[in-house]
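Reviewing the structure listed below.
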Amino acid sequence: MCYEKVRVMAKVSRRQENSKDLGHYINNLWSAFTLMDSKEDIRILFRDLFTHTEYKMLAKRLEIARRLLNEESYEQIIKDLKVTARTITVISNTLAIKGEGLRKTHDKLLEMEGKYQKYQEERQKRWERRSTEGLVRKSILGQVLKAGIKSADKAIAKKRKKISAKQSLSIE
35 MCYEKVRVMA KVSRRQENSK DLGHYINNLW SAFTLMDSKE DIRILFRDLF THTEYKMLAK
95 RLEIARRLLN EESYEQIIKD LKVTARTITV ISNTLAIKGE GLRKTHDKLL EMEGKYQKYQ
155 EERQKRWERR STEGLVRKSI LGQVLKAGIK SADKAIAKKR KKISAKQSLS IE
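Residues 35 to 206, numbered by the working numbering, are exactly what the sequence shown covers, in order.
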């Protein structure tokens, strides 16, 4: 039987702390997150608060929740994210029991991704339109030039005929 090593976050001290103080610490943590002005500020705070492993673990847990909400299979999640079934089960249980925060985050990320996708599609259409318009202009310009040259040739030929017709024939 194969046992996998499970990495967990650092343990909290077993010494009893004052629940009022702990509540204050937790409130400060939430306030710290909400007071950040940008994604970059939050990224810096996360890097300072969490180890690289904890940082990756949190990101993977969020991605597991999103994939479960998208009804992706355990097998696919295990394969893509290199996580254990136990980790997926923990997140699945969280979603089954509560998970409001994960659901809300997932919905907001979906909304943001949808807006970004729409922006990308519109950008692609504008680019294609410009490219197509450029090709059409070049094509039309080519046609106009061809038609103009043919027209000019016809006009020149016609003018020559008129000049030729007006010339008197000299008899020698």
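Even glycine gets a Cβ: it sits at the ideal position worked out from N, Cα and C. Nothing here was measured: the structure is a model prediction, and the numbers come from that model.
Check, Outcome
"Buried or exposed (CB count within 10 angstroms, at least 16 for buried), Leu-102", "buried"
"Per-residue DSSP class, three states only, for Glu-51", "coil"
"Under 8 Å between C-beta atoms of Leu-79 and Thr-139", "no"
"Sub-8 Å separation of Arg-115 and Lys-94 beta-carbons", "Looking at the sequence provided, one finds Leu at residue 115 rather than Arg. Yes. Within cutoff."
"Complete alpha helix (DSSP H) runs within the segment 78-122 (minimum length 4 residues, chain order)", "86-103 and 108-115"
"7 Å Cβ shell around Ser-53 - same chain, five flanking residues per side excluded", "none"
"Distance, Met-146 Cα to Ile-98 Cα", "18 Å"
"Residue environment, Leu-144, which counts as buried when at least 16 other CB atoms sit within 10 Å", "exposed"
"Simplified DSSP state of Asp-71, which is helix, strand or coil", "coil"
"Beta-carbon spacing of Ile-122, Ile-111 below 8 Å", "yes"
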